[in-house]
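A.B. asks:
Numbering (our numbering), first residue to last: 27 to 123.
1. Skipping 5 residues on each side, what residues in its chain have a beta carbon closer than 8 angstroms to that of residue 45?
2. My output table needs one value for residue 102: the three-state DSSP class, helix, strand or coil.
3. Which of the three DSSP states is assigned to residue 94 in this structure?
4. I need the DSSP call for residue 38, collapsed to helix, strand or coil.
5. Since residue 72 is in the beta strand (DSSP E), which residue starts that stretch and which ends it?
6. From what residue to what residue does the alpha helix (DSSP H) around residue 57 run?
7. From residue 51 to residue 83, what distance separates their C-alpha atoms?
8. Going by beta-carbon coordinates alone, are residue 35 and residue 76 separated by less than 8 angstroms?
9. Who are the near neighbours of residue 99 in its chain, counting only those whose CB is closer than 8 angstroms to its CB and skipping five residues on each side?
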């Protein structure tokens, strides 16, 4: 099944990211809606595009490092490329209900 491994790895990474809690809001980064994309390759490289709740968020470095660490902890991930963006800007409507 083409893409099956990639889809499985992507889902396992998304699940691992639910353990990353924003220290200011006390919710995980997936539920907050700050994870904009998770892409996995067959070679084990995972690219994550994420944002923070504000552009000057004091927890930015912590969150990026925590997302990278959580991603690398997933079996099958050989490299984690975490990219921070502020486009589009995050707003509370992006949070999961």
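Every residue, glycine too, gets a C-beta built ideally from N, C-alpha and C.
Since we're looking at a predicted model, the values are computed, not measured.
C.D. replies: Reading off the structure:
1. For the purposes of this step, residue 45 is identified with residue 19 of the chain shown, where counting begins at 1. Around residue 45: 54 and 96.
2. Here residue 102 corresponds to residue number 76 of the chain shown, with the count starting at 1. In this structure, residue 102 counts as coil in the three-state DSSP scheme.
3. Start at 1 with the first residue of the chain shown, and residue 94 comes out as number 68. Residue state, collapsed to three classes: helix.
4. Position 12 of the chain shown, counting from 1, holds the residue named residue 38. Here residue 38 sits in helix by DSSP.
5. The count along the chain shown starts at 1 and reaches residue 72 at position 46. Run containing residue 72: 71–76, per the beta strand (DSSP E) assignment.
6. Within the chain shown, residue 57 is the residue found at index 31, counting from 1. DSSP places residue 57 inside the alpha helix (DSSP H), whose first and last residues are 55–58.
7. Your numbering for residue 51 matches position 25 in the chain shown. Your numbering for residue 83 matches position 57 in the chain shown. Between residue 51 and residue 83, the C-alpha separation is close to 12 angstroms.
8. Along the chain shown, one-based indexing puts residue 35 at 9. Along the chain shown, one-based indexing puts residue 76 at 50. Not closer than 8 angstroms, so no.
9. Along the chain shown, one-based indexing puts residue 99 at 73. Excluding residues up to 5 positions away in sequence, 42 lie with their Cβ nearer than 8 angstroms to the Cβ of residue 99 in the same chain.
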